[in-house]
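J.: Residue numbers (the numbering used here): 4 to 403. Beta carbons: idealized from backbone N, C-alpha and C, even for Gly.
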């Protein structure tokens, strides 16, 4: 049984969920339909004759809208499911998040559901016979929603064929990873060492991937218990139940106090999969998966593998000029309260260079590209990263 998410992780999960936008559209449609129906049936609004139609004609119109929108929604949902299946089998299962977070897909489904629900509520509010107060405005809004849904359906067909292209998927992964790199912490000018002896180790309560660390929560907890924390696994690492998750350090001059393990665990989100954000390595894992899948005998798409390596090259070059990321929170006195290590540069090189080289033995284009990438990285990398780059270059390939 999974443990509760932290507040920040829960809010992030809601914002990134597939159902949020359709749910907002649906609730808005119901509220608007109820409000318009009440106003038109109880107030004398000057909107008569927008759509001249009696109760029977209005019922036929709304019934046709409801039937059509059910078919539209089923069709869009089916196309989306097929697109997810193709992306998972052709590229990588880890790219599904890109489709599930696509706002255009969510807005299209939300508009169709909203049109359907709006027509249902208006149909239920229709009077049984002719009256002076007839929901003409609600019928006009329902027709407007139908026109909007038709336009969105045409745009959806264009959009889904665009985002299914592998070049678009790779570019999206690169853009997302670049945003993660831009949000990495600046290099710490002082030695990032958590002082004090380790007095306690909080174990991982369950197996899973370390998807997020709530630095602010851990910092507040460290100040409360006058200690410091070191998160043992890096972001994106897999932990097994009972393995060391967070180490508690006693600060110099402080009194050793036992921190409840369940409170420490709340600062580390353990999920079933990696998520973008602070986990820069997730983007590299996606690109490596796409390249390896493209180089498999079943696919044999060298051009896609080359495009994935090219995108990874840009990301590796950006990180080559930065030290390995370390997320640190200090108190007002400058003492380290929380430390979380990011993915080392050597591990990123292993994902892109070692893994892809292993499956590209019969593809000289990919092998030559990997060597060119390493030679370029060697020209800009910090001294701390050059050893990892040099040992991956072929003999005689390091000109620097």
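1) What first and last residue would you give for the beta strand (DSSP E) that runs through residue 214?
2) Under 7 Å: does the beta carbon of residue 206 sit that close to some heavy atom of the ligand COA?
3) Between which residues of its own chain and residue 193 is the CB-CB distance below 6 Å, once the five residues before and five after are set aside?
4) For residue 181 versus residue 318, is the C-beta spacing smaller than 8 Å?
5) Compare the beta carbon distance of residue 232 and residue 220 with 8 Å and say whether it is the shorter of the two.
6) Run through DSSP, which three-state label would residue 193 get?
7) Is the beta carbon of residue 72 less than 8 Å from the beta carbon of residue 119?
8) Note down the Cα distance separating residue 352 from residue 325, rounded to an integer number of angstroms.
9) How many Å lie between residue 160 and residue 395 at the Cα?
10) Considering only residues of the same chain and omitting the five flanking positions on each side of residue 117, which have a CB-CB separation below 6 Å?
11) Of the residues 384, 323, 39, 247, which one's Cα is nearest the Cα of residue 142?
12) By DSSP, does residue 205 sit in helix, in strand, or in coil?
13) Counting pairs of beta carbons, one from the stretch 236–256 and one from the stretch 291–307, are three or more of them closer than 8 Å?
14) Report yes if the CB atom of residue 98 is closer than 8 Å to the CB atom of residue 216, and no otherwise.
15) Indicate the three-state DSSP secondary structure (helix, strand or coil) for residue 248 in the structure shown.
16) Taking only three categories from DSSP, how would you classify residue 253?
17) Going straight from the alpha carbon of residue 378 to that of residue 225, what length do you get?
18) So, is residue 383 buried or exposed, given that buried needs 16 or more other C-beta atoms within 10 angstroms?
19) Suppose you measure from the CA of residue 263 to the CA of residue 202; what does that come to, to the nearest Å?
20) Since residue 344 sits in a beta bridge, which residues does DSSP pair it with?
21) Going straight from the alpha carbon of residue 341 to that of residue 91, what length do you get?
22) Have a look at residue 102 and residue 153 and give me their C-alpha separation to the nearest angstrom.
23) Just to confirm the assignment, what range does the beta strand (DSSP E) spanning residue 232 have?
24) Can you tell which of 43, 301, 145, 130 has its C-alpha closest to the C-alpha of residue 65?
25) Within 10 Å of its beta-carbon, does residue 70 have 16 or more other beta-carbons around it, so buried, or fewer, so exposed?
26) Measuring alpha carbon to alpha carbon, tell me which residue in 150, 322, 210 is nearest residue 186.
27) Residue 164: which of 96, 140, 230, 85 sits nearest, CA to CA?
28) How would you call residue 355, buried or exposed, if buried means at least 16 neighbouring beta carbons within 10 angstroms?
29) Just tell me which of 309, 300, 270, 328 has its CA closest to the CA of residue 281.
30) Indicate the three-state DSSP secondary structure (helix, strand or coil) for residue 376 in the structure shown.
31) Since residue 272 is in the alpha helix (DSSP H), which residue starts that stretch and which ends it?
32) With DSSP collapsed to three states, give me the class of residue 241.
33) If we require 4 or more residues per run, which alpha helix (DSSP H) segments fall completely within the stretch 83–139?
34) Out of curiosity, what's the CA-to-CA distance linking residue 338 and residue 230?
35) To which residues does DSSP link residue 339 through a beta bridge?
36) Give the range of the alpha helix (DSSP H) segment to which residue 287 is assigned.
T.: Taking the coordinates as given:
1) 211–216
2) You won't find the ligand COA in this model; it holds no ligand whatsoever.
3) Residue placement at residue 193 cannot be trusted, given a pLDDT of 49 that sits under 50; what the coordinates show is reported in the next sentence. Counting only Cβ-Cβ distances below 6 Å, and skipping sequence neighbours, we find nothing.
4) yes
5) no
6) Legend: pLDDT at residue 193 = 49, less than 50; position of this residue unreliable, value from coordinates given subsequently. Residue 193 falls in the coil class under three-state DSSP.
7) yes
8) 14 Å
9) 44 Å
10) 28, 29, 32
11) 39
12) strand
13) no
14) no
15) strand
16) strand
17) 44 Å
18) exposed
19) 13 Å
20) 329
21) 37 Å
22) 21 Å
23) 230–234
24) 145
25) exposed
26) 322
27) 85
28) buried
29) 328
30) helix
31) Run containing residue 272: none in the alpha helix (DSSP H); it sits in the beta strand (DSSP E), 271–274.
32) strand
33) 99–103, 106–128
34) 10 Å
35) 333
36) 284–297
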